[in-house]
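Notes follow once the structure below has been shown.
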């Protein structure tokens with residue numbers, strides 16, 4: 074059951090886009106609605122499950138579910154084993170969040186840090202400076218665009234797959250390693266096995282970001298998912314298990330068939 078005190082705390086405002094051709098987005102601020110949506114992001118849930126997990130009354134949950142349905146954020150279907158029961162699920166795309174309580178100045182965006190770590194480096198890259206400063210500013214303002222970075226990475230990954238593809242997995246892997254190095258994205262190594270592990274040193278996406286305790290390479294994750302899904306020709310999961318922003322000395326992604 075959700076802790077009542079946690080429900081009362083200010084949660085990050087979340088942004089959802091409608092399905093289909095609509096350009097509309099919905100901004101959710103209600104703590105109870107945010108709690109419901111957090112649960113539905115990973116699982117479909119029956120009405121009574123939602124009530125039990127939120128600790129709210131049935132009437133309160135009914136009102137919030139009705140509102141979320143009217144906004145096209147969620148939908149429901151009837152339980153095939155019991156037509157009286159409704160199973161709710163997310164019917165829109167999560168775009169990101171804004172945590173206004175986290176807004177604070179971070180060292181990684183200050184002029185001195187940028188000059189020392191990026192501008193005065195031997196291989197100064199303006200696009201890296203811009204990308205890092207943008208990410209740092211978003212973190213400073215409490216804005217989470219991880220889903221958008223991931224979708225962007227997917228598009229890039231599908232686009233560059235033809236540049237590195239090869240039927241031989243060893244050649245394909247080396248092409249990816251060389252591409253990553255030549256474009257200044259970091260130093261990759263690939264451990265082959267039942268679970269493929271990709272290690273990235275000097276990761277362009279996160280190596281200079283503040284230590285948040287959470288993985289940050291959603292763009293890289295999207296690129297790798299698109300590339301390896303294209304190679305294997307079936308859906309895969311890419312999970313970042315190590316990251317510079319988690320205090321690790323490298324980023325590590327695990328790749329395995331989607332469950």
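Numbering (this note's numbering), first residue to last: 74 to 332.
Glycine included, C-beta positions come from ideal geometry on N, C-alpha and C.
Since the structure is predicted, the reported quantities are computational estimates derived from the model, not experimental observations.
Can you give me the C-alpha to C-alpha distance between residue i and residue j, rounded to a whole angstrom?
i           : j           : result
residue 201 : residue 163 : 35 angstroms
residue 273 : residue 226 : 16 angstroms
residue 203 : residue 219 : 17 angstroms
residue 148 : residue 142 : 6 angstroms
residue 75  : residue 187 : For residue 75, the pLDDT reaches just 44, beneath the cut-off of 50, and the residue's location in the model is therefore unreliable, although a value from the coordinates is still provided. Residue 75 and residue 187: Cα-Cα distance of roughly 42 angstroms.
residue 295 : residue 221 : 10 angstroms
residue 285 : residue 90  : 27 angstroms
residue 327 : residue 313 : 6 angstroms
residue 80  : residue 234 : With a pLDDT of 42 at residue 80, under the threshold of 50, the predicted position of this residue should be treated as unreliable, and no value is reported.
residue 228 : residue 270 : 22 angstroms
residue 172 : residue 108 : 15 angstroms
Please confirm whether residue i and residue j have their CB atoms less than 8 angstroms apart.
i           : j           : result
residue 192 : residue 165 : no
residue 289 : residue 217 : no
residue 86  : residue 106 : no
residue 161 : residue 118 : yes
residue 208 : residue 297 : no
residue 330 : residue 301 : no
residue 304 : residue 238 : yes
residue 112 : residue 126 : yes
Looking only at C-alpha atoms, which of the options sits nearest to residue i?
i           : options            : result
residue 318 : 230, 88, 120, 181  : 181
residue 151 : 120, 258, 132, 100 : 120
residue 198 : 316, 258, 129, 183 : 258
residue 275 : 310, 299, 246, 315 : 315
Give me whichever residues DSSP pairs with residue i in a beta bridge.
i           : result
residue 86  : 171
residue 161 : 118, 149
residue 270 : 264, 327
**Message:** Does the contact criterion of 3 or more C-beta pairs under 8 angstroms hold for the stretch 237-251 versus the stretch 260-274?
**Reply:** Taking a contact to require three or more Cβ pairs closer than 8 angstroms, the stretch 237-251 and the stretch 260-274 qualify as touching.
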